[in-house]
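Residue numbers (the numbering used here): 3 to 370.
Rendered as structure tokens:
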């Protein structure tokens, strides 16, 4: 047992871990900065985030030592659990910021969809890896899409359009990696456009339509529904080269910037640490993705390849959308900045995801 532990530690990818640790630490600093200029609740959020980070890193190491093939063998059961939890949250869940997607208990809230993202990656990686030596037919394309669509439908009922978008993006990226014909994706795009039109007239609520309109014209309604976008853009633009200093950002400290520790923490970083701070955090992400790309080429099994593509794709898309929200080039869909934003469910689930990635890397190194 001890020898196995030493072998795992020897093959643990410390570069990926270091990049993640730096990002989490960066986030803690900025969450504390936001707490400096706000009420009594904000310092409590900082303390909670420390607990979330500690729990998450413990789970990261735990999942790094749990056989990923064991998790793979249970992927169908994980998927069933995802359906059950998403259905349960619609019945018993709490509503936060207009979305009924949380279980609340003793001051803590759990957002199940963050863990459902991992389950979908696990399920699709298992499904596509079993098709590795078979022809990628339309049947398999539709089946994988249907399983994903069921999860998306349950998430849309909350409604959580940001998470639904991420689930769809996970399936799209992993399907592209699986090598399905391009015409299948063209058909999906056409169907998605039709569904979007239908949703606009029959499903989207007023505030969701306003978010899309603000995405197209963010400055036209800056004192009402476009307020978030305008304040984020002001914060980003006012940081200059070196920023105003930690704890001295006017937009975040004076509460002009809503959800400063969550959706708009990138704007806080840009305002307080300036262009250099933005370069620094993007540098940490670059180290993470560069290392993931390098190890991906050495993974010697299809399941591991698909899982790393899905996991890396999830993190990349979420970064892209979150930063786009802060720059006013993407609609506000309530997605956090991975490893950095405040939020227990998001941080812990990402660290669990990182742990599974580490196990796949470790096993590939051992059997290489």
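Even for Gly, the Cβ is constructed at its ideal location relative to N, Cα and C.
Around the C-beta of residue i, are 16 or more other C-beta atoms found within 10 angstroms, so that it is buried, or is it exposed?
{"i": "residue 244", "result": "exposed"}
{"i": "residue 16", "result": "exposed"}
{"i": "residue 5", "result": "exposed"}
{"i": "residue 42", "result": "Residue confidence for residue 42 is low, a pLDDT of 45 falling below 50, so the modelled location carries little weight; the figure read from the coordinates is stated next. Result: exposed."}
{"i": "residue 79", "result": "exposed"}
{"i": "residue 49", "result": "exposed"}
{"i": "residue 181", "result": "exposed"}
{"i": "residue 284", "result": "exposed"}
{"i": "residue 97", "result": "exposed"}
{"i": "residue 178", "result": "exposed"}
{"i": "residue 124", "result": "buried"}
{"i": "residue 46", "result": "exposed"}
{"i": "residue 146", "result": "buried"}
{"i": "residue 239", "result": "exposed"}
{"i": "residue 259", "result": "buried"}
Between the alpha carbons of residue i and residue j, how many angstroms are there, rounded?
{"i": "residue 129", "j": "residue 68", "result": "20 Å"}
{"i": "residue 298", "j": "residue 362", "result": "10 Å"}
{"i": "residue 192", "j": "residue 186", "result": "10 Å"}
{"i": "residue 288", "j": "residue 19", "result": "13 Å"}
{"i": "residue 8", "j": "residue 72", "result": "21 Å"}
{"i": "residue 293", "j": "residue 279", "result": "21 Å"}
{"i": "residue 85", "j": "residue 153", "result": "7 Å"}
{"i": "residue 273", "j": "residue 255", "result": "11 Å"}
{"i": "residue 144", "j": "residue 81", "result": "17 Å"}
{"i": "residue 331", "j": "residue 103", "result": "26 Å"}
{"i": "residue 241", "j": "residue 336", "result": "23 Å"}
{"i": "residue 74", "j": "residue 117", "result": "15 Å"}
{"i": "residue 95", "j": "residue 11", "result": "39 Å"}
{"i": "residue 83", "j": "residue 275", "result": "42 Å"}
{"i": "residue 27", "j": "residue 338", "result": "16 Å"}
{"i": "residue 100", "j": "residue 161", "result": "8 Å"}
{"i": "residue 60", "j": "residue 52", "result": "12 Å"}
{"i": "residue 34", "j": "residue 261", "result": "14 Å"}
{"i": "residue 251", "j": "residue 164", "result": "27 Å"}
Measure the Cβ-Cβ separation of residue i and residue j and say whether it is below 7 Å.
{"i": "residue 54", "j": "residue 349", "result": "yes"}
{"i": "residue 344", "j": "residue 352", "result": "no"}
{"i": "residue 249", "j": "residue 38", "result": "yes"}
{"i": "residue 114", "j": "residue 157", "result": "no"}
{"i": "residue 301", "j": "residue 13", "result": "no"}
{"i": "residue 358", "j": "residue 65", "result": "yes"}
{"i": "residue 328", "j": "residue 277", "result": "no"}
{"i": "residue 309", "j": "residue 127", "result": "yes"}
{"i": "residue 189", "j": "residue 315", "result": "no"}
{"i": "residue 148", "j": "residue 142", "result": "no"}
{"i": "residue 36", "j": "residue 253", "result": "no"}
{"i": "residue 169", "j": "residue 122", "result": "yes"}
{"i": "residue 334", "j": "residue 230", "result": "yes"}
{"i": "residue 171", "j": "residue 319", "result": "yes"}
{"i": "residue 25", "j": "residue 286", "result": "yes"}
With residue i as the anchor, note down where its beta strand (DSSP E) starts and where it stops.
{"i": "residue 398", "result": "There is no way to answer for residue 398, as the model of the chain reaches only from 3 to 370."}
{"i": "residue 102", "result": "101 to 107"}
{"i": "residue 244", "result": "Note, residue 244: premise wrong, no beta strand (DSSP E); not H, not E."}
{"i": "residue 97", "result": "96 to 98"}
{"i": "residue 112", "result": "110 to 112"}
Tell me the residue span of the alpha helix (DSSP H) that contains residue i.
{"i": "residue 310", "result": "304 to 329"}
{"i": "residue 259", "result": "Element bounds for residue 259: n/a, residue is neither H nor E."}
{"i": "residue 204", "result": "184 to 204"}
{"i": "residue 264", "result": "First-last for residue 264: undefined, no H or E at that position."}
{"i": "residue 74", "result": "70 to 75"}
{"i": "residue 359", "result": "346 to 369"}
CB of residue i to nearest heavy atom of the ligand ATP: below 6 Å?
{"i": "residue 254", "result": "As far as ligands go, the structure on display features none, and thus does not contain the ligand ATP."}
In chain order, which beta strand (DSSP E) runs of at least 3 residues are fully inside the stretch 3 to 66? none
Would you list, in sequence order, the uninterrupted alpha helix (DSSP H) runs of no fewer than 4 residues that lie entirely inside the stretch 132 to 170? 140 to 158
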